[in-house]
Structure formats: structure tokens, C-alpha cells
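**Q** Structure in C-alpha cells, see below.
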Amino acid sequence: MNYLTPASFAEAAACARDASGVTRFLAGGTDVLVQMRADIVTPDTLIDIKHIDGARDITRAADGSWIIGVAAPGAEMKEHPELSKDWPGLVEGMDLIGSTQVQGRATLVGNLCNASPAADSVPAMVAAGVEVSVTGPDGTRREKAENIPTAPGRTSLAAGELISAVHVPARGENGGDAYLRFIPRTEMDIAVVGCGVNLRLDGDVITEARVSLGAVAPTVLLVQDCADAIIGTTLDDAALEKLAAAASAACNPITDKRGTVKFRTHVAGVLAQRTAKIAYGRAKGASK
Amino acid sequence: MSKVHVTTKINGDSTEYLCDPRETLLDVLRDQLNLTGAKEGCGTGDCGACSVELDGRLVCSCLVLGVEAEGKEISTVEGIADGETLHPLQRKFIEHAALQCGVCTPGILVAAKSLLEKNPDPTETEVRYWLAGNLCRCTGYDKIIRAVMDAAAEMREAA
Chain A
6 MNYLTPASFA EAAACARDAS GVTRFLAGGT DVLVQMRADI VTPDTLIDIK
56 HIDGARDITR AADGSWIIGV AAPGAEMKEH PELSKDWPGL VEGMDLIGST
106 QVQGRATLVG NLCNASPAAD SVPAMVAAGV EVSVTGPDGT RREKAENIPT
156 APGRTSLAAG ELISAVHVPA RGENGGDAYL RFIPRTEMDI AVVGCGVNLR
206 LDGDVITEAR VSLGAVAPTV LLVQDCADAI IGTTLDDAAL EKLAAAASAA
256 CNPITDKRGT VKFRTHVAGV LAQRTAKIAY GRAKGASK
Chain B
2 MSKVHVTTKI NGDSTEYLCD PRETLLDVLR DQLNLTGAKE GCGTGDCGAC
52 SVELDGRLVC SCLVLGVEAE GKEISTVEGI ADGETLHPLQ RKFIEHAALQ
102 CGVCTPGILV AAKSLLEKNP DPTETEVRYW LAGNLCRCTG YDKIIRAVMD
152 AAAEMREAA
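Structural data, given as C-alpha cells:
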């Protein structure tokens with residue numbers, strides 16, 4: 006196996022283009038090394054992107070938007086006070102993944118590109134309106150987070166392409182986000198259902214909303230019907246009821262050892278309500 | 002591909018080794034450097050028995066490649082005691098009988114030390130969550146948690 010440490014994303018893309026056989030990019034390695042160990046993937050070329058300038062940085066631009074480096078681990082997101090204040094739901098979604106040890110290495114981009122429908126940080130990214138830069142042999146393009154996973158374990162990235170940055174929008178005034186998942190224990194488990202909500206208020210009325218669901222379909226879903234159910238409302242009981250119905254209606258889950266179709270469909274509605282209430286409360290309290 | 006030359010620092014000492022790029026840091030520590038404190042439990046980042054610090058960050062050494070240690074600083078359980086003097090965590094583990102077979106113990110000591118450096122006064126809940134990635138199949142955890150809480154209290158008094 007060749008182990009390469011390119012100094013730029015363009016060079017990383019070129020390495021991937023020129024490599025023959027199986028190629029993998031390495032950031033935190035919490036999926037790649039497990040797959041190597043289990044002989045699921047045996048890379049001929051492993052491209053370590055942690056040596057690229059800025060790959061581990063978390064920075065806020067002048068307009069309040071954030072750039073999170075592709076190799077910034079969850080632990081550094083959680084320890085970043087301003088990021089946690091702006092986007093608590095995004096930080097919590099990431100923080101729910103694995104143990105303290107896994108948090109020391111695991112990254113948002115790894116979670117996105119692993120393309121598990123149950124990935125905890127992905128519904129939070131989708132709700133937040135996160136976009137990613139995708140660098141390939143022909144340059145760099147921007148893509149919405151929800152357009153990266155296409156099926157369990159599959160992404161829309163072409164051969165030789167890699168994600169080179171995570172762009173989180175400016176929080177702005179009167180906004181709040183949240184992520185909740187259901188698991189049958191308190192820690193170290195995979196979501197049976199996950200839900201991300203990001204919304205903005207004018208007074209008590211919701212003016213913008215994005216609602217996402219995880220683990221209830223082959224990919225994480227952005228559910229417009231859920232957003233429509235609460236936009237223009239004060240998140241009163243009638244709106245919450247419509248939200249739950251829209252969330253359950255959007256589900257296309259499987260039955261497995263973690264939960265049945267019926268259970269997941271029901272829990273999606275319940276979680277959407279609880280998550281929306283937290284996001285609403287944060288939007289009321291967060292006037293930055 | 003031929004072996005890669007890696008220069009790193011382990012428990013404060015400059016160290017060099019040659020490793021295959023597929024080799025994990027855990028394998029390098031145990032098989033090449035004879036630092037057998039870190040244990041292989043699962044090999045997939047689930048059990049925490051191989052916990053070490055990489056540039057001050059708690060990680061599973063089974064999920065780090067040996068080549069990734071280039072230019073880094075690694076702390077293992079072998080660096081916790083000061084010569085013959087045990088670290089308070091080590092003493093409290095003995096006092097509380099917080100170990101039986103001992104396979105998980107090095108990882109838990111490294112993880113607990115990392116917690117107490119960040120948070121010298123953790124609640125029991127914080128200790129339990131921090132150590133959720135360190136599995137112990139013997140003790141039922143209670144003695145481990147008590148030992149960590151007691152060590153934290155002693156270290157606060159000494160500070």
C-alpha cells in the first residue's frame with residue numbers, strides 16, 4: 006500500500022487520479038481503518054489529507070459563516086465555544102458519534118462520506134444548510150451536504166474527487182438548531198431515528214425552517230413538508246401535530262434489530278416535535 | 002511498498018521506527034517498541050483497551066496508523082508513573098480493587114488521566130460518559146468510577 010501525504014487538495018485529487026487500484030482518503034480513519042481491519046477495503050493507495058494547510062482549522066469568516074476543516078475532529082468542534090454557541094445542534098450531532106477516543110479523530114466529512122443513513126452529524130448538517138467544497142482533477146465546486154450520500158455506503162463524488170472544506174452558514178439573528186436521536190441506551194449506539202431542525206423566528210413566528218430525518222430511508226432526508234408544517238406558526242399544538250404527521254409520512258425505513266418500520270415511523274414524528282421545540286427555544290434565547 | 006521511516010516522541014523520548022504503512026500504531030507500540038501496556042481488545046475502536054494520547058488527544062491506537070505518528074507526541078500508560086512512584090490514579094485503582102483481569106486497565110488509566118487534565122473536578126456522570134468507550138468485562142465499572150473520583154479528589158487536594 007502506498008501512503009501519500011499531499012500538501013494541497015489539488016495535489017490530493019491528482020494523487021487519486023494517478024493512482025491505480027483501490028484508493029481511499031484518510032482523515033480521522035475511524036471508518037477507513039475499521040474497513041481495512043475487516044478486509045472490507047484493501048487500499049492500494051491511502052491519501053492522508055491531514056497535512057494540508059487548514060485541514061484541521063475551524064474558522065469564522067467576517068460574514069459570520071464558518072469553515073470547518075475536513076480533518077477537524079469532533080472533540081475540537083465541541084471545545085470551540087463560538088461554534089457551539091452558533092450551531093449547538095450541529096456540534097451535538099457530531100458529539101453523539103462514538104466514544105471520547107473516536108471523537109479525538111472522527112470528522113464531519115468522514116461521517117458524510119461514509120454515507121450511512123444513520124450518521125448522526127448528517128441530519129444536523131442538512132438542517133443547518135451546510136455545503137461542502139468538492140475538489141477534483143478539474144477544479145473545485147460547491148455541493149449541498151444532502152447531495153453527497155446517494156445510497157448506504159455510496160456518494161455522488163466522482164473518482165478522484167474529495168471534499169476539501171465544510172461551509173456552515175452564518176447563524177444570523179433569531180435562529181436556532183437542534184439534533185436528537187433515539188437509541189435504546191444513553192451512549193455509544195447507532196441512531197434508530199435521528200432528526201435535525203434549524204429554524205428562524207420573527208417574534209414568535211417561524212419564518213424559515215429546515216427539518217431532516219436520519220435512519221428512516223436509504224439516505225438522510227430533507228423534508229420540505231415538515232418545514233411547511235411549522236413555517237408561519239408559533240409551533241403551537243396544531244403545528245406540532247402537522248409536523249409529526251409530515252415526518253412520519255416521509256419515512257421509508259427498514260425493519261432491523263434496532264427497530265421496526267412501524268416503530269421508526271412513529272418515533273420520527275415524536276422526535277421531530279421534540280427537536281423542533283429545542284430549536285425554537287434556542288432561537289428565542291439566541292439573539293446574536 | 003518499502004517500510005516508512007517514522008520519527009516521533011513517545012512519553013517524552015524521541016523514537017524512530019520503520020513500519021509498513023498498513024501497520025497500526027498499536028502494533029508498532031507493542032511489536033516493535035515493546036510498549037505492551039496498550040492492549041488489543043477489538044481492533045476496531047470499540048473497546049478502548051488500546052487508548053493512548055496523540056498530541057494530547059485521547060485516541061484508540063488501533064485506529065491510528067504507525068505512519069501517522071510522524072512528528073507527533075504520543076503518551077502511553079508506560080509514561081504515567083514517575084519512576085517507581087505510581088500516579089494517584091494507579092494507586093487508587095489498587096486501593097479500590099478497580100481491576101480484575103487488567104486488560105482494560107491501561108486504557109482506562111490513560112483515558113481517566115486525560116479527563117482529569119481537562120476537568121479536575123468531574124461529576125460521576127461526566128466520568129461515566131468520558132469512559133463510555135472503555136469496556137471492562139470484569140468489574141461492573143463501579144469500582145473504576147469510584148477509583149477515578151477518589152484520585153481526582155486527592156489530586157485536587159494536592160494541587
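Protein sequences appear in the order of chains A and B.
Read in the numbering used here, the first sequence has 56 at position 51, and its numbers run on one by one without any break.
Read in the numbering used here, the second sequence has 146 at position 145, and its numbers run on one by one without any break.
We treat Cβ as the ideally placed atom computed from N, Cα and C, and that holds for glycine.
Note that this is a predicted model, so its numbers are computed, not measured.
When the cut-off is 9 angstroms and only beta carbons count, does Cys137/B lie next to chain A?
**A** Counted from its first residue, the second sequence places residue 137/B at position 136. No - not a single Cβ of chain A is within 9 angstroms of the one on Cys137/B.
**Q** So, helix, strand or coil for Glu24/B, using DSSP?
**A** As a working note, residue 24/B is residue 23 in the second sequence. Correct three-state label for Glu24/B: coil.
**Q** Roughly how many angstroms lie between the CA atoms of Gly49/B and Ala98/B, to the nearest whole one?
**A** The count along the second sequence starts at 1 and reaches residue 49/B at position 48. The count along the second sequence starts at 1 and reaches residue 98/B at position 97. Each residue's Cα considered, the two are about 20 angstroms apart.
**Q** Could you check whether Val7/B and Gly1/B sit closer than 9 angstroms to each other, using their CB atoms as the reference points?
**A** Limits of chain B in this structure are 2 at one end and 160 at the other, which puts residue 1/B out of reach.
**Q** Determine whether the Cβ of Leu167/A lies closer than 9 angstroms to any Cβ atom of chain B.
**A** Here the question's residue 167/A lines up with position 162 in the first sequence. Leu167/A does not count as touching chain B.
**Q** In the DSSP assignment, find the beta strand (DSSP E) that holds Ala214/A and state where it starts and stops.
**A** On the first sequence, position 209 is the one that residue 214/A refers to. Taken as a continuous stretch (DSSP letters only), the beta strand (DSSP E) holding Ala214/A covers Val210 to Gly219.
**Q** Against chain B, with Cβ distances strictly below 9 angstroms, would Lys293/A count as a contact?
**A** Within the first sequence, residue 293/A is the residue found at index 288, counting from 1. At Lys293/A the pLDDT is 41, less than 50, meaning the model places this residue with poor confidence; the figure from the coordinates comes in the next sentence. The beta carbon of Lys293/A sits no closer than 9 angstroms to any beta carbon of chain B.
**Q** Just by C-beta distance, which residues in the stretch 28 to 39 of chain A are closer than 7 angstroms to chain B?
**A** Interface annotation for the stretch 28 to 39 of chain A against chain B: Gly34, Thr35, Leu38 and Val39, criterion Cβ-Cβ distance under 7 angstroms.
**Q** Can you give me the Cβ contacts of Ala163/A inside the same chain, cut-off strictly under 7 angstroms, excluding the 5 residues immediately before and after it?
**A** For the purposes of this step, residue 163/A is taken as residue 158 along the first sequence, with counting starting at 1. Closer than 7 angstroms at the Cβ level, and outside the excluded window around Ala163/A, lie Gly141.
**Q** Taking 9 angstroms as the threshold (C-beta atoms), are Gly158/A and Ser217/A in contact?
**A** Taking the first sequence and counting its residues from 1, one reaches residue 217/A at position 212. Taking the first sequence and counting its residues from 1, one reaches residue 158/A at position 153. No, they are not a contact pair.
**Q** Select from Arg176/A, Gly94/A, Arg65/A and Phe30/A the residue whose C-alpha is nearest the C-alpha of Lys282/A.
**A** Taking the first residue of the first sequence as 1, we reach residue 282/A at position 277. Answer by Cα proximity: Gly94/A.
**Q** Where do the ends of the beta strand (DSSP E) carrying Ser138/A lie?
**A** Along the first sequence, one-based indexing puts residue 138/A at 133. Segment Glu136 to Gly141, the beta strand (DSSP E) holding Ser138/A.
**Q** For Asp21/B and chain A, any beta-carbon pair shorter than 9 angstroms?
**A** The residue labelled residue 21/B in the question sits at position 20 within the second sequence. So, interface residue.
**Q** Measuring alpha carbon to alpha carbon, tell me which residue in Val78/B, Asp122/B and Thr9/B is nearest Ala160/B.
**A** Start at 1 with the first residue of the second sequence, and residue 160/B comes out as number 159. For the residues Val78/B, Asp122/B and Thr9/B, the minimum Cα distance to Ala160/B belongs to Asp122/B.
**Q** Measuring alpha carbon to alpha carbon, tell me which of Gly74/A, Val266/A and Leu248/A ends up nearest Val256/A.
**A** Position 251 of the first sequence, counted from the start, is the residue given in the question as residue 256/A. Strictly speaking, residue 256/A in this sequence is Cys, with Val absent from that position. Among Gly74/A, Val266/A and Leu248/A, the Cα nearest to that of Cys256/A belongs to Val266/A.
**Q** Is Ala254/A helix, strand or coil when you go by DSSP?
**A** If you number the first sequence from 1, residue 254/A lands on position 249. Ala254/A falls in the helix class under three-state DSSP.
**Q** Assuming Ala32/A and Ala76/A form a contact by the criterion Cβ under 8 angstroms, report the distance between their Cβ atoms to the nearest whole angstrom.
**A** In the first sequence, the residue the question calls residue 32/A occupies position 27. In the first sequence, the residue the question calls residue 76/A occupies position 71. Yes, Ala32/A and Ala76/A are in contact; Cβ-Cβ is about 4 angstroms, under 8 angstroms.
**Q** Taking the straight line between their C-alpha atoms, what separation do you get for Leu136/B and Cys105/B?
**A** Numbered from 1 along the second sequence, position 135 holds the residue referred to as residue 136/B. Numbered from 1 along the second sequence, position 104 holds the residue referred to as residue 105/B. The alpha-carbon atoms of Leu136/B and Cys105/B are separated by roughly 7 angstroms.
**Q** DSSP three-state label for Lys282/A, please.
**A** Translated into the one-based positions of the first sequence, residue 282/A becomes position 277. Correct three-state label for Lys282/A: helix.
**Q** Here's the rule: buried if 16 or more other CB atoms are within 10 angstroms of the residue's CB, otherwise exposed. What is Lys293/A?
**A** Mapped onto the first sequence, residue 293/A falls at position 288. In this prediction, Lys293/A has a pLDDT of 41, which is less than 50 and means its spatial position is unreliable; nothing more can be read from the coordinates.
**Q** Asp207/A lies in the beta strand (DSSP E); which residues open and close that run?
**A** For the purposes of this step, residue 207/A is taken as the residue at position 202 of the first sequence. From DSSP, the beta strand (DSSP E) with Asp207/A extends over Val198 to Asp207.
**Q** Between the Cα of Arg205/A and the Cα atoms of Val228/A, Arg176/A, Leu227/A and Arg190/A, which residue gives the shortest distance?
**A** For the purposes of this step, residue 205/A is taken as residue 200 along the first sequence, with counting starting at 1. Looking at the Cα atoms, Arg176/A is the closest of the given residues.
**Q** State yes or no: is the C-beta of Ala152/B within less than 9 angstroms of the C-beta of Leu90/B?
**A** On the second sequence, residue 152/B is found 151 positions in, with the first residue counted as 1. On the second sequence, residue 90/B is found 89 positions in, with the first residue counted as 1. Yes. Within cutoff.
**Q** Output yes if chain B places a C-beta closer than 9 angstroms to the C-beta of Ala23/A; else output no.
**A** Translated into the one-based positions of the first sequence, residue 23/A becomes position 18. Here residue 23/A is Asp; the residue named in the question, Ala, does not match the sequence. With 9 angstroms as the cut-off, Asp23/A does not count as an interface residue toward chain B.
**Q** Around the C-beta of Ile57/A, are 16 or more other C-beta atoms found within 10 angstroms, so that it is buried, or is it exposed?
**A** If you number the first sequence from 1, residue 57/A lands on position 52. Ile57/A is buried by the Cβ-count criterion.
**Q** Opposite Leu131/B in the DSSP bridges: which residues?
**A** Taking the second sequence and counting its residues from 1, one reaches residue 131/B at position 130. Note that residue 131/B is Trp in the sequence shown, not Leu. According to DSSP, which records beta bridges pairwise, Trp131/B is partnered with nothing at all.
**Q** Excluding sequence positions up to five away, which residues of its chain have a Cβ less than 8 angstroms from the Cβ of Ala148/B?
**A** Here residue 148/B refers to the residue found at position 147 of the second sequence. Closer than 8 angstroms at Cβ, skipping near neighbours: Leu90, Lys93, Phe94, Glu96, His97 and Ala99.
**Q** Going by C-alpha to C-alpha distance, which of Gly199/A, Arg61/A, Asp91/A and Asp100/A sits closest to Val272/A?
**A** Along the first sequence, read from residue 1 onward, the residue named residue 272/A stands at position 267. Residue Gly199/A is the option with its Cα nearest to Val272/A.
**Q** Report back the beta-carbon spacing between Thr238/A and Ile259/A to the nearest angstrom; my notes put them in contact at under 8 angstroms.
**A** The residue you call residue 238/A lines up with position 233 of the first sequence. The residue you call residue 259/A lines up with position 254 of the first sequence. The pair is not a contact, with the Cβ atoms about 32 angstroms apart (cut-off 8 angstroms).
**Q** Return the chain-ordered list of same chain residues with a C-beta closer than 6 angstroms to the C-beta of Ser253/A, the five sequence neighbours on each side being excluded.
**A** Within the first sequence, residue 253/A is the residue found at index 248, counting from 1. The residues are Thr270, Ala273 and Gly274.
**Q** Report yes if the CB atom of Gly181/A is closer than 9 angstroms to the CB atom of Arg287/A, and no otherwise.
**A** Taking the first residue of the first sequence as 1, we reach residue 181/A at position 176. Taking the first residue of the first sequence as 1, we reach residue 287/A at position 282. Yes, they are a contact pair.
**Q** Would you mind giving the Cβ-Cβ distance between Ile52/A and Phe30/A, rounded to the nearest angstrom? I have them listed as a contact below 8 angstroms.
**A** Residue mapping note: residue 52/A aligns to position 47 of the first sequence, counting from 1. Residue mapping note: residue 30/A aligns to position 25 of the first sequence, counting from 1. Ile52/A to Phe30/A, Cβ: 5 angstroms. Contact.
**Q** If you measure from the beta carbon of Glu69/B to each beta carbon in chain A, is any gap under 9 angstroms?
**A** Here residue 69/B is taken as the residue at index 68 of the second sequence, counted from 1. Yes - at least one Cβ of chain A is within 9 angstroms of the one on Glu69/B.
**Q** Since Leu59/B meets chain A, which of its residues come closer than 7 angstroms, beta carbon to beta carbon?
**A** The residue given as residue 59/B occupies position 58 in the second sequence. Neighbours of Leu59/B on chain A, chain order: Thr105, Gln106 and Gly109.
**Q** In this structure, does DSSP put Thr105/A in helix, strand or coil?
**A** Reading the first sequence from its first residue, position 100 is the one you call residue 105/A. Looking at Thr105/A - three-state DSSP - the assignment turns out to be helix.
**Q** Suppose you measure from the CA of Asn35/B to the CA of Ser76/B; what does that come to, to the nearest Å?
**A** As a first step, residue 35/B must be located in the second sequence, where it is residue number 34. As a first step, residue 76/B must be located in the second sequence, where it is residue number 75. Roughly 14 angstroms separates the two Cα atoms.
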